[in-house]
Structures are given as structure tokens and as C-alpha cells.
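Engineer:
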Amino acid sequence: MAQLKRDPIGIRWHGRGGQGAVTASKILAEAGKSEDKYFLGLPDYGAERAGAAMRSFTTVSTKPIRALCEIAEPDAVVVLDSTLLDEVNVVAGLKEDGVLVINTTESPANIRSKLGYKGRIYAVDATSISIKNLGKNIPNIPMLGALARAVEVVSKENLVKMIRESLGGKFKEAVVEGNVKAFEKAYETAQAG
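Numbering-wise, our numbering comes out as the position in the sequence shown, counting from 1, plus 2.
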């Protein structure tokens with residue numbers, strides 16, 4: 003399937019506190035900046051504890067971004083934790099010709115039947131990819147890889163570069179490279195349907 007191409011493109015992230023949705027959103031925005039694009043990243047969380055449902059928003063455009071608010075009708079939705087499907091209507095407002103990218107072991111067809119969403123769905127087992135490459139379940143970077151496969155926002159190369167830059171100052175080399183491997187594995191294995 004061809005990648006979704008929009009300008010601007012609005013992305014809503016659904017995750018749980020501690021899963022790295024805000025970090026992934028920031029990496030995406032910074033990678034857009036490296037391509038002379040305008041970006042806006044807005045996390046939406048209060049005093050939630052680790053594990054609580056949260057959202058984050060990213061807008062990337064070749065033109066200045068005027069709307070500084072939540073994205074009510076996103077072009078793409080990224081779901082880092084499929085258990086959120088029981089708590090949140092993750093496809094609310096998602097454009098019919100948009101893309102849903104979800105961390106799940108289920109097929110896109112099964113997700114479609116559960117949610118009734120008619121647009122494109124990309125499914126990837128980011129949890130297993132994360133555990134294999136990092137030793138724990140932090141699905142944000144694998145989900146960024148799956149999103150990069152589904153949506154043409156910024157180049158894969160600039161995303162990898164930004165992962166290294168963003169995480170390099172905080173984590174050991176092995177952790178950074180584990181994240182790069184997780185990104186690339188999810189990019190390669192995300193199933194479209």
C-alpha cells in the first residue's frame with residue numbers, strides 16, 4: 003500500500019503513561035524540523051501515573067502551523083497499547099481516508115471488524131519487538147517505525163538520525179542501538195490492511 007501523504011498532517015497518539023508516546027511524538031517533530039518542516043507537538047496528560055491512558059498530538063507541515071490545539075480530526079492515529087481499545091474510542095474523528103497504526107498481535111482485518119474503521123490499518127507487534135531489542139515493553143520507537151511505514155511525514159533516515167540524537171544523551175549506546183533496531187524491525191514488519 004502507498005504511504006499516506008498530507009500537508010499538513012495531524013497525528014494523534016494514544017498510549018499509557020510510561021510507554022513513551024510523548025517521546026515518540028517529540029522525535030517525529032524534531033525529525034520534521036531537520037527537513038525544514040514546521041512542527042507542533044502537544045502532550046495531553048495531567049497528573050496521571052504510569053499506566054494511565056494519555057494522548058499526544060503531532061502536526062508536521064511545510065507551512066507555518068496556525069492551529070495550536072488538539073487535533074480533533076487526525077489524519078493518522080497511533081495506538082501504543084491495544085488494551086486502550088476497551089477504554090477509548092481511538093478512531094473518534096479519524097478521517098475516513100486516514101490511517102490507524104496499532105500495536106497488536108491481531109491482523110488488520112480483526113481490528114477493522116472490532117472498530118468498524120474503514121480506512122487503512124497497520125498492525126505491528128511492537129511489544130514483542132521492544133522486548134526482543136530492549137529487554138522491556140517500551141513500544142514507542144517501534145510504533146514510530148510502523149508509523150513511518152504507513153505515513154510519509156519525514157524520511158526514515160532522518161527519523162533514525164533523530165532517534166540516535168534524542169536518546170544518545172540519555173541512554174547507553176546499546177539502548178540507543180536497540181531502539182534503532184526496534185524502529186527498523188517495526189518498519190519492515192508492519193502489516194497493512
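C-beta atoms are modelled at their ideal positions from N, C-alpha and C, and glycine is treated no differently.
Taking one C-beta from the stretch 135-152 and one from the stretch 71-81 each time, how about it: are there three or more such pairs within less than 8 Å?
Structural biologist: These segments touch.
Engineer: Can you look up V93 in the DSSP assignment and give me helix, strand or coil?
Structural biologist: Your numbering for residue 93 matches position 91 in the sequence shown. V93: coil per DSSP, three-state reduction.
Engineer: Which value, in whole angstroms, describes the spacing of the CA atoms of V178 and K187?
Structural biologist: Mapped onto the sequence shown, residue 178 falls at position 176. Mapped onto the sequence shown, residue 187 falls at position 185. Computed Cα separation, rounded: 14 Å.
Engineer: In whole angstroms, what is the alpha-carbon distance linking L87 and L42?
Structural biologist: As a position in the sequence shown, residue 87 is number 85, starting the count at 1. As a position in the sequence shown, residue 42 is number 40, starting the count at 1. Roughly 26 Å separates the two Cα atoms.
Engineer: What number of angstroms, rounded off, separates the C-alpha of D38 from the C-alpha of D99?
Structural biologist: Numbered from its first residue, the sequence shown carries residue 38 at position 36. Numbered from its first residue, the sequence shown carries residue 99 at position 97. Roughly 26 Å between the two C-alpha positions.
Engineer: Output needed for D9: all residues of its chain with C-beta closer than 7 Å, excluding positions within five of it in sequence on either side, in chain order.
Structural biologist: The count along the sequence shown starts at 1 and reaches residue 9 at position 7. Cβ within range, chain order: S63 and T64.
Engineer: Do the stretch 121-139 and the stretch 159-175 make contact, defined as three or more Cβ pairs closer than 8 Å?
Structural biologist: Verdict: no, contact absent.
Engineer: How far does the beta strand (DSSP E) with A111 in it extend, from its first residue to its last?
Structural biologist: On the sequence shown, position 109 is the one that residue 111 refers to. Unbroken run through A111 is the alpha helix (DSSP H), P110 to L117; no beta strand (DSSP E).
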